[in-house]
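Residue numbers for the sequence shown follow my numbering, beginning at 28 and rising by one.
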Amino acid sequence: MAETAILERTAVVRHGRRLEYFTIGWNTLEGLIAVIAGAVAGSVSLIGFGIDSFIEVTSGSALLWRMSVDADVHSRESNERRALQVVGICFLCLAAYIAYESATDLWFKRAPSTAFQASFWHAFPSL
Numbered sequence: 028m029a030e031t032a033i034l035e036r037t038a039v040v041r042h043g044r045r046l047e048y049f050t051i052g053w054n055t056l057e058g059l060i061a062v063i064a065g066a067v068a069g070s071v072s073l074i075g076f077g078i079d080s081f082i083e084v085t086s087g088s089a090l091l092w093r094m095s096v097d098a099d100v101h102s103r104e105s106n107e108r109r110a111l112q113v114v115g116i117c118f119l120c121l122a123a124y125i126a127y128e129s130a131t132d133l134w135f136k137r138a139p140s141t142a143f144q145a146s147f148w149h150a151f152p153s154l
């Protein structure tokens, strides 16, 4: 019975690692496109979305590491804690970035811009 549980856990971890590789690849592509488009358009929101994608890549990498050391039964709990700390720090960094950009916009009384669509289509006319 215990041997079956170990084999099932191994299969689930292997499947989880494949999903995490896909997630990391997808979020990398998403982040690059969002940051480039946000820079072209001057959109803090779009750049924030791209940075969020890179934070998800970092979080995904921490989780991928966590799954790669899953076989070490004695260290599972501490490895889980480390992975969760990395993920938490990543999202705190994102919150700090958004708070900073929002506060500076409020302080300097900058209104939200609607120039994104015109800038985006001007930068990527073939789309």
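C-beta: ideal position from N, C-alpha, C; glycine also. The structure displayed is predicted, hence computed values, not measured ones.
ILE74 is positioned such that its CB atom lies no closer than 8 Å to that of VAL84. Distance from the Cα of GLU107 is smallest, within the candidate group SER88, GLY52, ALA123, for SER88. Runs of the beta strand (DSSP E) lying entirely within the region 81-121, each at least 3 residues long, are absent. Three or more Cβ pairs closer than 8 Å define a contact, and the region 89-104 falls short of that threshold against the region 64-79.
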